[in-house]
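Please read the structure below before turning to the comments.
In our numbering, the protein residues as written are 17 to 358.
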């Protein structure tokens, strides 16, 4: 009991700071329509002096901020399982499911290939490709949690969240017009929106700006992409395990599980939610808790990084994410055309 009390005393300053930043980000996002993850990140970066040793008394927040960026992040990812049910996925029919699976797999593969061609590690391509292909900032955070430790891991996560949030906001504005130019009907437009825009909130906004039918289809297709988070986390964990072994990591100690605990919890919550046993208020509370955890973790990640580190990344990562986004949009449009002529 004493150890727990001491642990809480160590963590609470950082937890409180992360929570305050999360509240501010949620308030600003609700009143100004900006991406909440991006706001949390930017607000957190403004307070990054709290994690610096030279901050003196303020450095006592560092432990709680680090805990939020890691443990609270994993809890938020696990609770994402309450967003989807198996019935929602199956209601799409086999064609949209096949489109989503192929689009996610190919976008991640292209992201890894382009990253290696540009001189980056494979894991950066997996991180950016997964964020673009699945669910934006949430996927970036989930994949980052499953990847091996690296001195520039948080910098890569930070950049990916900024990039995917910006691209998702641009897509929310442009893609409804693009679907009109391409002559897509309501179902096709919804499928295109749900299959290509990165963040869930932007998918909903863009889909329902076209029509109610398009919004419903877009939301269902997007939920299918969210469901792909589990196998992609498993892939990231497996690759991380192989990487650690190839780097000469000790094999005498306990080996990390192939599937992280938060990925297992994600799958269990999907199954439980699919049964319909959970009361609506429990599901709503879980979804809200997930969002708060992810926003708080994003704020903590911002506090642990510096703007100068982001500026150093250069143009190549920007080009990588733009190419991944364009590839996903072109690929999904091709799938829709092929399905229309099938």
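No residue lacks a Cβ here, since even glycine has one placed at the ideal position from N, Cα and C.
Can you grab the Cα-Cα spacing for the pair residue 186 / residue 23, in whole Å? Approximately 43 Å between the Cα atoms of the pair.
Separation of residue 228 from residue 49, as counted between CA atoms: Each residue's alpha carbon lies about 20 Å from the other.
Where are the alpha helix (DSSP H) runs, 4 residues long or more, that stay fully inside the stretch 64-122, in chain order? Fully enclosed alpha helix (DSSP H) runs of 4 or longer: 78-83, 89-95, 102-106.
Could you spell out where the alpha helix (DSSP H) holding residue 309 opens and where it closes? Where residue 309 is concerned, the enclosing alpha helix (DSSP H) stretches over 296-319.
Residue 225 versus residue 79: straight-line alpha-carbon distance, rounded: Going from the Cα of residue 225 to the Cα of residue 79 covers about 43 Å.
Hey, quick one: how far does the alpha helix (DSSP H) through residue 178 stretch, first residue to last? Bounds of the alpha helix (DSSP H) holding residue 178 are 169-197.
In terms of residues, what are the limits of the alpha helix (DSSP H) holding residue 388? Here the chain has residues from 17 to 358 only, and residue 388 is not among them.
Determine, using beta carbons only, whether residue 22 comes closer than 8 Å to chain C. Protein chain content of the structure displayed is limited to a single chain, and chain C is not contained in it.
Measuring alpha carbon to alpha carbon, tell me which of 32, 91, 60 ends up nearest residue 282. Nearest C-alpha to residue 282: 91.
Within this structure, are the beta carbons of residue 62 and residue 55 separated by less than 8 Å? Between residue 62 and residue 55, the C-beta spacing is not below 8 Å.
If you draw a straight line from the C-alpha of residue 230 to the C-alpha of residue 253, how long is it? Their backbone Cα atoms lie some 35 Å apart in a straight line.
Contact set for residue 256: own chain, Cβ-Cβ below 6 Å, skip 5 residues either direction: Within the same chain, and ignoring the five residues on either side of residue 256 in sequence, the residues whose Cβ sits closer than 6 Å to its Cβ are 163, 164.
I'd like the list of long-range same chain contacts for residue 28, defined as Cβ closer than 8 Å, with 5 residues on each side in sequence excluded. Correct list, in chain order: 80.
Would you call the stretch 83-97 in contact with the stretch 300-312, where contact means no fewer than 3 C-beta pairs closer than 8 Å? Three or more beta-carbon pairs drawn from the stretch 83-97 and the stretch 300-312 are found closer than 8 Å, and the two stretches are therefore classed as touching.
To the nearest angstrom, report how far apart residue 42 and residue 33 are at their CA atoms. Roughly 14 Å separates the two Cα atoms.
Among residues of its own chain, excluding the 5 on either side of residue 182, which ones have a beta-carbon nearer than 6 Å to its beta-carbon? If we look at residue 182 and ignore the five residues flanking it on each side, it has no Cβ neighbours.
Distance between beta carbons of residue 129 and residue 172, contact taken as under 8 Å: Not a contact, Cβ separation roughly 17 Å.
Taking Cβ to Cβ, would you say residue 98 is nearer than 8 Å to residue 285? Between residue 98 and residue 285, the C-beta spacing is below 8 Å.
Using beta-carbon positions only, say whether residue 278 and residue 119 come within less than 8 Å of one another. Residue 119 sits away from residue 278, with the two beta carbons spaced by 8 Å or more.
Residue 243 and residue 209 closer than 8 Å at C-beta: Not closer than 8 Å, so no.
Using only the alpha-carbon positions, how far apart do residue 110 and residue 355 sit? Answer to the nearest angstrom: the Cα atoms are 11 Å apart.
Just verifying my parser: in three-state terms, what is the DSSP assignment at residue 221? Helix, per DSSP.
Between the stretch 339-349 and the stretch 132-150, are three or more C-beta pairs nearer than 8 Å? Counting Cβ pairs under 8 Å, three or more are found: they touch.
Where the alpha helix (DSSP H) through residue 58 begins and ends: Here the alpha helix (DSSP H) through residue 58 covers 52-62.
Residue range of the alpha helix (DSSP H) that includes residue 232: Following the DSSP letters along the chain, one finds residue 232 inside the alpha helix (DSSP H) bounded by residues 228-243.
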